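Just so you know, we're using the UniProt record's numbering here: the sequence shown kicks off at 1 and counts up by one.
All C-beta atoms in this analysis are idealised placements derived from N, C-alpha and C, irrespective of residue type, glycine included.
Values in this document were obtained by computation on a predicted structure and should not be read as measured data.
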Amino acid sequence: MKICCIGCGYVGLVAGICLADMGNDVICIDVDVAKIQNLQHGIIPIYEPGLKDMLNRNAREKRIVFSTNLKEGIQKSKVIFIAVGTPPDAHNCADTSAIFSVAKDIGRYINGYKVIVNKSTAPIGTLEKIGKIIQSTQSKPVKYDLVSNPEFMREGEAIKDFTNPDRIVIGVQNDKAKNIMTSIYSGISRTDKPIMFTDIRSAELIKYASNAMLATRISFMNEMAQLCEKVGGDIKEIAKGIGLDSRIGHRFLQAGVGYGGSCFPKDVKALVQIMKANDVDAKILTAVDEVNEQQKRSLIHKIKKLVPVLKGKCIAIWGLAFKPKTDDMREAPSISIIRQLQKEGAKITAFDPEAQETAKKILKDVTYCNDPYSTIAGCDALVIVTEWNEFRDLDLKKVKRLLRLPNIIDGRNMYNPQEMEKLGFNYLCVGRKC
Ligand code: NAD
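As C-alpha cells, this is what we get:
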C-alpha cells in the first residue's frame, strides 16, 4: 500500500515508521524543513525507545522517505494519514487549523481515488468539515473516502502500542474504505486485539472519552490521596485494594503530582468546551481538571512544609518530562512547579534523563545537571516530579550526605516512607503516612 503520513510529530512519525515496517511504502511529510532534513539523515526529533533503529532499517530497505513536498506525497499515495497537532486555542478548544490547512492541500492536489484518514484528536464533526473543504478546493470532482482512526499510543511505549494495540478504532462510511483499512492493519489485528469499526462521529468521540476516562481515574485517586493525608491510610494500599476488583483493574490508579503531557490536559479541556457548546453540563470533567491543577499546587505546599521560606534556597528537581520514557515537556507538571518555586525566590537545579534539551527552551534560570547526584549537592530539598526508573535504586545514604538538609518531597511515591524515615530523611510523599 502506498501511504502518506502528514505530520512527523510523536504520532505521525511513529505511525509512518511502523506502517513502513509492516511492509507499506510510506512517504512522511512535514512543514518543518529542519525536521525533514534531519529525518532524511536518520536523526529523529523525539526520544522514543526503539524508533531510531526501526527508522534506519526501513530507510535502508527504501520503504520510507521524508519530504516537505505535500503535493507529491498526496499524489503518489492511495491512503493519506493526517497526524498534525491540535493544540489548545485561547479558549481551550482544539485548534484544528493545521488539519484544515492540510485538507485544503488535499483538495487542491488530489488526482485520483484516496482514503483520507484523520489520526489527529479533533472535535466531533471535524472529518465532515475536512470533506467539505476538500470538495470546495477540488478543481474537478475526484472520489475519496473519509476515515477517522484515532490514535491511542502512549509516548515511551509508542512502538509497542502501535504494533500491539488494545484495539484499533476506525470510523468509516462504506465497505470500500473498510476493506482498505482492514488490509493496512491486517498484520496487527487479531481476535483478541480487534479492529472496531464504527461510524465516524463515534470514532471521534471514543478518543476524547478514552482520555477523559483515564484522566478522571487519576484525578479521583489524587482526591482520595488528599483524603488519606487527612484521615490516614495509604493511597498505594487503596489503589491495590480497589484495583483487585476486576471491574476496576489496577491501571491508572497512581496518585501523584497530577497528569500532564500533550493529550490529557488539552483533551479534557477541549471535551469540556465541546460539551458546553452542545449544552451538556460537563460537571465531572470540570472537576477532573480542577483537581489536577490543585494537585500540582499541593506539591508546593508540601515543599513549604519542609522549607517554609523559599527565597534564596536551593531546590533540586528530579524529572522534568511529563512522564518517564519521553522527552515531551508539553504541560509537564514540572513547569508550573518550577515557575512557582522561582517566583518565590528559590534557586533551581534539575536533572532529567531525556527531557533536558526540551526543558532548556521552556524553563530558564535553571542549573541543568548531568546526573541525579550532582543535582542535589548542597540543596535544601529534593523534589521528585517524574518517576524515571533511574531514580529507583540510587544510594540513598549518598543522597542524604549530598543534600544540605535531608528534605525529600516525592511527588511520585517512589520510596518507602518507613525506610526513608529510618535513613533520617524528612520525607513527604502523596497520600501516605509520612
Ligand atoms: P506534534 O506537535 O508532535 O506533531 C505535529 C507535527 O505536524 C509537527 O511536526 C508539525 O510540524 C506538523 N505539521 C503542522 N502543520 C502541518 C501541515 N500543515 N502540514 C504538514 N505538517 C504539519 O503532535 P503529536 O503529539 O504527534 O500529535 C498529533 C495529534 O495526535 C494531535 O491531535 C494529538 O492530540 C494526537 N495524539 C497525540 C498522542 C501523543 O502521545 N503525542 C497520542 C494520541 C493522539
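Would you say the beta carbon of residue i comes nearer than 7 Å to a heavy atom of the ligand NAD?
i, result
"A377", "no"
"K76", "no"
"D30", "yes"
"G232", "no"
"S210", "no"
"V11", "yes"
"I6", "yes"
"K119", "yes"
"E155", "yes"
"C263", "yes"
"V102", "yes"
"K283", "no"
"T191", "no"
"F66", "no"
"A98", "yes"
"E151", "yes"
"A381", "no"
"A215", "no"
"K35", "yes"
"V291", "no"
"V268", "no"
"V169", "no"
"A83", "yes"
Please classify residue i: does DSSP put it in a helix, a strand, or coil?
i, result
"A177", "helix"
"M221", "helix"
"T182", "helix"
"A255", "coil"
"C429", "coil"
"P45", "coil"
"N118", "strand"
"P265", "helix"
"V88", "The sequence given here has Pro at residue 88, not Val. DSSP places P88 in strand when its eight states are reduced to three."
"A316", "strand"
"C28", "strand"
"A350", "strand"
"S148", "strand"
"D410", "strand"
"L55", "helix"
"V142", "coil"
"V307", "coil"
"Y113", "coil"
Alpha carbons only, please: which of the options is nearest the one belonging to residue i?
i, options, result
"N69", "N56, G7 and R154", "G7"
"Q294", "K400, P353, G85 and E223", "E223"
"T375", "P324, C314 and S336", "C314"
"F391", "R63, Y373, M54 and G131", "Y373"
"I218", "R167, I284 and R190", "I284"
"C5", "Y47, I337, D365 and E72", "E72"
"D410", "V366, G258, N211 and K347", "G258"
"P45", "C228, G424 and T326", "T326"
"N149", "Y208, D192, G345 and N426", "Y208"
"D21", "N58, P49 and I29", "N58"
"K193", "T367, R167 and Q173", "R167"
"C228", "V11, L13, K433 and G12", "K433"
"Y144", "N370, Q138 and K114", "K114"
"S67", "A34, A98 and C429", "A34"
"A83", "C369, V117 and E61", "V117"
"V169", "S202, S262 and G125", "S202"
Does the region 193–202 come close enough to the region 171–184 to have 3 or more Cβ pairs within less than 8 Å?
Look at the beta carbons and you see the region 193–202 touching the region 171–184: at least three pairs across the two are nearer than 8 Å.
Quick check: the region 273–280 against the region 291–305, are there 3 or more CB pairs under 8 Å?
Between the region 273–280 and the region 291–305 there are fewer than three inter-stretch CB-CB distances shorter than 8 Å, so the stretches are not counted as touching.
The region 352–360 contacting the region 315–322, beta-carbon criterion three pairs below 8 Å:
Counting Cβ pairs under 8 Å, three or more are found: they touch.
Do the region 8–28 and the region 149–163 make contact, defined as three or more Cβ pairs closer than 8 Å?
With contact defined as three or more Cβ pairs closer than 8 Å, the region 8–28 and the region 149–163 are in contact.
Tell me whether the region 394–407 and the region 242–254 touch, counting them as touching only if at least three CB pairs, one residue from each stretch, are closer than 8 Å.
No, the region 394–407 does not touch the region 242–254.
Would you check if the region 84–103 and the region 128–138 touch, i.e. whether three or more CB-CB distances between them fall below 8 Å?
The region 128–138 is in contact with the region 84–103.
Does the region 37–57 come into contact with the region 78–87, if we say contact requires no fewer than three beta-carbon pairs (one atom in each stretch) closer than 8 Å?
In short, these stretches do not touch, since the Cβ pair count stays below three.
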